[in-house]
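> After the C-alpha cells below, expect a handful of questions from me.
Numbering (my numbering), first residue to last: 7 to 119.
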C-alpha cells in the first residue's frame, strides 16, 4: 500500500506543495496557529494513509508539549520539517530516525586505507 504526503501549515506554505500534486494538506492561517495547529497536526499524524508529514520548522514553536513530543518521536508517519531553522544536520537526524540508520555516516575505515 502506498502512502501519501501531507503538508501542515499556513496557506502560503502549503500552496507550493499543492501545486506539485500533494493532495492532503491542513491549512492553518498564521493568526490561528496557537489554537488550531495542534488539531491539524494530530489529524495528519492519525491518518493511516499518510506516510510523511511536512511542516515548516517555525511551526514547531506553536505546538503544545504533547503534540510536539508526538511529532519528534513519530516514526510512521515520519515528520519532516523544512524552513529557516533546518540545516543539513536536522535533515540527517530526521532520516536516521525514520529508517533507523545514518545514511550520511562517513566510513572511518576508508580514511585510514
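Glycine included, each C-beta is placed from N, C-alpha and C at the ideal position.
According to DSSP, what are the bridge partners of residue 55?
Answer is none; residue 55 lacks a bridge partner.
> Can you find the residues in the same chain that come closer than 6 Å, C-beta to C-beta, to residue 45, ignoring five residues on each side of it along the sequence?
none
> Rounded to whole angstroms, what's the CA-CA distance from residue 99 to residue 38? Just pull it up for me.
29 Å
> Does DSSP classify residue 126 as helix, strand or coil?
Residue 126 falls outside the range modelled here, since the chain spans only 7 to 119, and no answer is possible.
> If we ignore side chains and look at the alpha-carbon of each, how far apart do residue 72 and residue 28 end up?
27 Å
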